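Asker: Our numbering applies: residue 61 is where the sequence shown begins, and numbers increase by one.
Provided herewith is a single structure, encoded as structure tokens, for subsequent inquiry.
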Amino acid sequence: MSLNIETSGPHIPKWNRRDRMRKAREDLGLSQSRFAAVTGMSQRMISAFESGEREPRLKDLNLWQLATGVPREWLETGEYTPRDSNPEPTD
């Protein structure tokens, strides 16, 4: 058996929104049914979001953020820019 690894740079997984939503839930160790109980969403809706069958609305992403602590920006785009909670005053 041989392993062929390209040396053109690091391998960066490409995660789409449904992957990020699932990973945020799984990182807490929650099954879809337990996450449904925590959020008040139906397990069917959670499954539909994570499978790509249905696109989450803004309120769904906000609820996901509240339940997981994962920023909505990262759930949506895969990127996150921390906000400065104590910005320097401007003149």
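Using N, Cα and C, we set each Cβ at its ideal position, and we do this for glycine too.
Here the structure is a predicted model, which means the values were calculated and not measured.
Which runs of the alpha helix (DSSP H) at least 4 residues long sit entirely within the segment 96-125? Give them in chain order.
Answerer: Fully enclosed alpha helix (DSSP H) runs of 4 or longer: 103-111.
Asker: Give me the Cβ distance between residue 110 and residue 78, rounded to the nearest whole Å; I'm assuming they're in contact under 8 Å.
Answerer: Right, their Cβ atoms sit about 5 Å apart.
Asker: When the Cα atoms are used, what is the spatial distance from residue 148 to residue 142?
Answerer: Taking the straight line joining both Cα atoms gives about 15 Å.
Asker: Is it buried or exposed for residue 106, if we count other Cβ within 10 angstroms and need 16 for buried?
Answerer: Looking at its Cβ environment, which holds 16 or more other Cβ atoms inside 10 Å, residue 106 is buried.
Asker: Could you check the C-alpha separation between residue 117 and residue 127 for me, to the nearest Å?
Answerer: Their Cα atoms are separated by approximately 15 Å.
Asker: Which residues bound the alpha helix (DSSP H) around residue 87?
Answerer: Note, residue 87: alpha helix (DSSP H), 77-87.
Asker: Tell whether a beta-carbon distance below 9 Å holds between residue 163 and residue 135.
Answerer: The structure shown has nothing for residue 163, since the chain only spans 61 to 151.
Asker: Out of 89, 122 and 83, state which residue places its alpha-carbon closest to the alpha-carbon of residue 101.
Answerer: Looking at the Cα atoms, 122 is the closest of the given residues.
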